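Please read the structure below before turning to the comments.
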Amino acid sequence: MTVAIITVAIIGFVRGDENQSPLRYIKTDSYHTEFKITQKNEVIITEEIHIQNLSNDSQSFKVIGVYSDDFNNGLLTTEKLNGYIGNRKQEILELAANQEQTFRIDFIGKKGQINTKQDRNPPKEIVFTIIDK
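Using this note's numbering, read the sequence shown as starting at 1 and increasing by one per residue.
What follows is the structure in structure tokens.
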């Protein structure tokens, strides 16, 4: 009787996320500043958001704050709010290579049925959109 031994090699590898953002939101160094409702029924949530650029290149980007709790509780009509800086409501932020900075960002959305903010925490998540130069 002949016994055949078959050896099977399983080779696995993990590929890095090719679309991974070079920017990182550092929530522990970010904090809530102000919340108000305007006469136009806009909700403005002002936050100090700390962002780190992990790349060797300067980055231009836009930010979206994710406010799931305030959306689910009825303060906001959408869960994701566009972020703006300054009185001119500038959308595009810039951060030098290998640097980190705290930005004062106004996240603006349409008011829902409730007038109360869920908490006084910065957003749980920030979505970055990189702007090609």
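Each residue gets a CB set at the ideal place from its N, CA and C atoms; glycine is no exception.
In this text, all values refer to a predicted model and were calculated from it rather than measured experimentally.
Taking every protein chain shown into account, the CB of D132 has fewer than 16 other CB atoms within 10 angstroms, so this residue is exposed.
Note on the stretch 62-101: whole beta strand (DSSP E) runs with a minimum of 3 residues are 80-84, 93-95, in chain order. Of N41, H32, I85, N121, the smallest CA-CA separation from G112 is found for N41. Apart from sequence neighbours up to five positions away, the residues of its chain that approach E79 with a beta-carbon distance below 7 Å are V66, Y67, S68, F71, ordered along the chain. T38 carries a coil assignment under DSSP once its states are collapsed to helix, strand and coil. Taking a C-beta distance under 9 Å as the contact criterion, I130 and F61 qualify as a contact pair. Per the coordinates, the alpha-carbon of Q39 lies some 41 Å from the alpha-carbon of N98.
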